[in-house]
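Peer 1: In our numbering, the protein residues as written are 1043 to 1258.
Encoded as C-alpha cells, here's the structure I'll be asking about.
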C-alpha cells in the first residue's frame, strides 16, 4: 500500500482534470462526428451512473471488446471512476482466447462494440459463464444497449471514487510462452505512467492529423 499523501492521482482522475481544462476543445473526432472535452466529460458522467447502478463491488472486472472509438474510451474511464477494473480483450484474438480472458479475469460485465464485433459479442455473451451484465454499444439481439440506457440515466457529473490503491486495469500478455497471463495495475502505477509521459514526451499542443496512409 502506498502513502496516499505522496501517491500519483488516479489515472481516471487525471482524465477528468484534463477534460475540465479546455471544455470547448475537440476531444475526439471521427468520420462524420466529433465530441468536445465538455461533451466527453458529460458522457463519462452518464456512463458512470449506469455502472454505479449495477451495484458491483470495488475491483469487479469489466471486459471490453471494441474498435478504436470515443464512447468506449469514455466507458472505460467511467468504469475506473466507479472503482471497477477494466480489461481490454484483444480485437484480433480468437474466440477461445477471449473466453479464457473473460473467465480468468472473473469479469462480471462485458461491453461490446456491435459495429465491429456484433457476431463475436453474441458468441461471448452466450458462452462466458460468469457474466452478469452484457452492454452493447447500439442495439443487438443480446445484452443491454448502453447508449440507450444513457437516455434513461439523465445527466450526471463524473466523480472520481477511485483510490490510488484501487485496481485500475487487468491486461493480458501476448501468450508467446503459452497461455496469456494477467497483469494487474493499480491506479497509483498508471497515474505515474501518465505523469511520466506528460513530463518527458514532446507531445504537441495541437496534434497533427494522421498521415493519409494511416487513416481508416
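Note that beta-carbon positions come from the ideal geometry of N, C-alpha and C, so glycine has one too.
1) With burial defined as no fewer than 16 other Cβ atoms inside 10 Å of the residue's Cβ, what is the status of residue 1200: buried or exposed?
2) My output table needs one value for residue 1077: the three-state DSSP class, helix, strand or coil.
3) Would you tell me roughly how many angstroms separate the C-alpha atoms of residue 1259 and residue 1184, rounded to the nearest one?
4) CB-CB under 6 Å to residue 1002, same chain, minus the five flanking residues each way: which ones, in chain order?
5) Do residue 1232 and residue 1089 have their C-beta atoms closer together than 8 Å?
6) Can you tell me where the alpha helix (DSSP H) with residue 1144 in it begins and where it stops?
7) Output the boundary residues of the alpha helix (DSSP H) element that contains residue 1120.
8) Exposed or buried, which one is residue 1064 when buried takes at least 16 other CB atoms within 10 Å?
9) If we call anything under 8 Å between Cβ atoms a contact, is residue 1125 one with residue 1225?
10) Kindly indicate which residue of 1099, 1165, 1150, 1058 has the alpha-carbon position closest to the one of residue 1156.
11) If residue 1175 and residue 1123 are in contact, beta carbons under 8 Å, what's the gap, nearest whole angstrom?
12) For residue 1194, is the classification buried or exposed, using 16 other Cβ atoms within 10 angstroms of its Cβ as the cut-off for buried?
13) Can you tell me whether DSSP reads residue 1203 as helix, strand or coil?
14) Taking the continuous beta strand (DSSP E) assigned at residue 1224, which residues delimit it?
15) Do residue 1259 and residue 1230 have their CB atoms nearer than 8 Å?
16) Within the continuous alpha helix (DSSP H) that includes residue 1162, where are the two ends?
17) Taking DSSP as the reference, what is the three-state secondary structure of residue 1128?
18) Rounded to the nearest angstrom, what separates residue 1168 and residue 1144 at their Cα positions?
19) List the residues that DSSP assigns as beta-bridge partners of residue 989.
20) For the alpha helix (DSSP H) containing residue 1192, name the first residue and the last one.
Peer 2: Answer, in terms of the structure:
1) buried
2) strand
3) Missing from the structure shown is residue 1259; the chain here goes from 1043 to 1258 and no further.
4) This structure cannot settle anything about residue 1002, because the visible part of the chain is limited to 1043 through 1258.
5) Not in contact: residue 1232 and residue 1089 (Cβ atoms no closer than 8 Å).
6) 1137–1147
7) For residue 1120, the enclosing alpha helix (DSSP H) begins and ends at 1112–1123.
8) exposed
9) No, these two residues do not count as a Cβ contact at 8 Å.
10) 1165
11) Contact flag wrong, Cβ pair sits at about 17 Å.
12) exposed
13) Residue 1203 sits in coil when the DSSP states are folded into three classes, being neither helix nor strand.
14) 1224–1228
15) Here the chain has residues from 1043 to 1258 only, and residue 1259 is not among them.
16) Run containing residue 1162: 1156–1169, per the alpha helix (DSSP H) assignment.
17) Residue 1128 falls in the strand class under three-state DSSP.
18) 12 Å
19) No statement about residue 989 is possible, as the shown extent of the chain runs from 1043 to 1258 and does not include it.
20) 1188–1195
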